[in-house]
Amino acid sequence: MDGKFLVLVVAIVLLWPSSPAESKDCSRSSRIQKKTYKSPAFSMGPGEVQNRNYTIEFPKGHIGVKNFQGEIVDELGNPVPLSEVYLHHWVVFGFYLKSSERKELVRGGFHDRLGSSAAIIPGNDGICQQNVHPQFWGLGAETRHTSYFVPGSYAIGVGNPPEGYKELWLLNVHAIDTRGTYDPQGCLECRCSLYNVTIDASGQPLKQGYKGGLHCCYEGTKCAMKLGFQAPKKTLYMQYTIEWVEWDECVRPVRAYIFDITDSRKRDPVDPQVGCQAEYDVPACDPSSNSDCIYQLENHLVIPKGGSIIYGVGHQHAAGMGISMHGEDGRHLCSSTPLYGNGSSPGNEDGYVVGMSTCIPKPGTLMVASGEKLHFSSSYSSAQEHTGVMGIFYLMVSDNDTVSLGEIKDVKNRVNVMVVTLGIVVVLALAVGFTIWNKKPESHERYSALLV
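What the sequence shown shows, in mature numbering (1 follows the signal peptide of the UniProt record, and there is no 0), is residues -23 to -1, 1 to 429, in sequence order.
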């Protein structure tokens, strides 16, 4: 072997098939813009619940949203700790309204729809029924330490409504003031007995056996208070920061999916018990049969259109231990685990979920196939009973590189072949290099002694 063979080896490596280069010049793509807004003010007193929709300010024009972060603040802009006002959730979703129609807003909870029949809620890409989880962004207590940033040149495209419509944005805030409450943990888990309710927000009787959850802590309800406790009302705001770029050919669109561990996988526009239920209960464990006291709920859900995974994150409540997503063939795709606080300052409240870990793989390295059946698993501590918990997984997938499950398996096989081939190439290259190193001119032989 000689130097010519080494050149051949290097050529093989350099000419190995790779993805085609981008044909467009994106070196001067739009810079990221950033702006912070506040929702309309809302007032809360001890034990009170607020769960309403607000129309909010949003950047104008056809844009790609890179990030959306939010938190509850007071009149001075100071963050409010979860131990005082618990943020059950905030969600943001857009709707299209006919330009000729007057804007209307229903002041009820999240599951009350818009008051105009001329409004269209485009929602995300699924997979729940349209009136459940239509949001593009949404978090809960974990909001201060959970990043929503979309990496690279990817973004969520908004601001391009159908002709004759204008785009508006709604923010739903569900918050519970737990100051002076008899059982703060029970209040934030929406235990029906603590709210003294027997009907839901629409006036319908609670279903038999319903112990707690969204249907018991709606707008206008109040959680049980300690005798004699008094404190002034707080004026609060949802402060949110949006990062975005102007839309152009260099922005790569993503599709946003929301998977709910409670999804029955059936759809019925009339029966609310069919489809995504949003919440479930965790029964207390029997240590004799479950010494670890872990309650695990699993589901298999189909993603309609696959592609490269760009971002993933889970949503769980206190006592959550993590939520994972695996492919149909068992390959691990993402795990999102809660971060718990251990102090008293906002963002580090002891015992509260203050963050969720995210999955941001290098684009193109982790794929899901169109029509692939994904496996989700949500785990909670069951050392004690919990009501109204959630197991939601939010996934962003690139919109321009869909693949089939067969192609994913083919790619895995090609990668295995490539790894083996490159291993052989490296061995040959080392052998050639060693041969060249040992064939030194006689005039330099005196340096050989230094290598012995």
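Every residue, glycine too, gets a C-beta built ideally from N, C-alpha and C. On a predicted model such as this, the values are computed, not experimentally measured, just so you know.
- Cβ neighbours of C164 within its own chain (closer than 7 Å, five residues either side excluded): I153, T155, T158, L171 and C200.
- Distance from Y234 to I280 at the Cβ level is roughly 6 Å; contact confirmed, criterion being Cβ atoms closer than 8 Å.
- Counted as a single uninterrupted DSSP element, the alpha helix (DSSP H) harbouring Q162 occupies residues P161 to L165.
- Put simply, the backbone Cα of M373 is about 6 Å away from that of R232.
- With respect to G47, W67 sits close: the two C-beta atoms are nearer than 8 Å.
- At a Cβ-Cβ threshold of 8 Å, I40 and E220 do not count as neighbours.
- Bounds of the alpha helix (DSSP H) holding L171 are C169 to Y172.
- The C-beta of H292 has 16 or more other C-beta atoms within 10 Å across all chains shown, which makes the residue buried.
- Considering only R244, I337, D327 and G318, the residue with the shortest C-alpha distance to L310 is I337.
- For the beta strand (DSSP E) assignment, the uninterrupted runs of no fewer than 3 residues enclosed by the stretch 255 to 294 are, from N- to C-terminal side, 257 to 259, 271 to 279 and 284 to 292.
- The DSSP assignment places 211 to 223 as complete runs of the beta strand (DSSP E) inside the stretch 190 to 226, in order along the chain (cut-off: 3 residues).
- Under DSSP, T158 shares a beta bridge with M202.
- In this structure, DSSP gives A132 an extended state, which the three-state scheme calls strand.
- In the same chain as C169, and ignoring 5 residues on each side of it, the C-beta atoms closer than 7 Å to its own belong to L183, Y187, K188, G189 and C193, in chain order.
- Setting aside the 5 residues that flank it on each side, N44 is surrounded in the same chain by Y125, F126 and E220, each with a C-beta closer than 6 Å to its C-beta; the list follows chain order.
- Inclusion of M298 and T123 in the CB contact set at 8 Å is not warranted, their separation being larger than that value.
- Between T218 and R308, the alpha-carbon positions lie close to 35 Å from each other.
- Following the DSSP letters along the chain, one finds V374 inside the beta strand (DSSP E) bounded by residues I369 to S375.
- Per DSSP, reduced to three states, the secondary structure at R121 is helical.
- Here the alpha carbons of L191 and Y63 stand approximately 14 Å from one another.
- Cβ neighbours of G318 within its own chain (closer than 6 Å, five residues either side excluded): N325, E326, D327, Y329 and V331.
- Relative to L204, the option among P23, Y14, H151 and K12 whose CA is nearest is P23.
- When secondary structure is reduced to three states using DSSP, T175 falls in the coil class, being assigned neither helix nor strand.
- Here H277 is exposed: its Cβ has fewer than 16 other Cβ atoms, across all protein chains shown, within 10 Å.
- When C-beta atoms of the stretch 256 to 266 are compared with those of the stretch 100 to 116, fewer than three pairs fall below 8 Å, so the two segments do not count as touching.
- Taken in chain order, the complete beta strand (DSSP E) segments of 3 or more residues contained in the stretch 33 to 74 are 40 to 50.
- With respect to P139, Y195 sits apart: the two C-beta atoms are not nearer than 8 Å.
- Restricting attention to I104, S7, D2 and D269, the CA atom closest to the CA of K350 is found in I104.
- For E326, the beta-bridge partners assigned by DSSP are G320.
- In terms of Cα proximity to Q216, the closest of K11, D2 and K15 is K15.
- Rounded to whole angstroms, the Cβ separation of G71 and E144 is 6 Å, and the two are in contact under 8 Å.
- An exposed status is given to I9, since fewer than 16 other beta-carbon atoms sit within 10 Å of its beta-carbon.
- Between T212 and V174, the C-beta gap is not smaller than 8 Å, which leaves the two residues out of contact.
- Between the alpha carbons of E34 and D269 lies a distance of about 47 Å.
- Taking L274 as reference, the option from S301, A178, S130 and S266 with the minimal CA-CA separation is S301.
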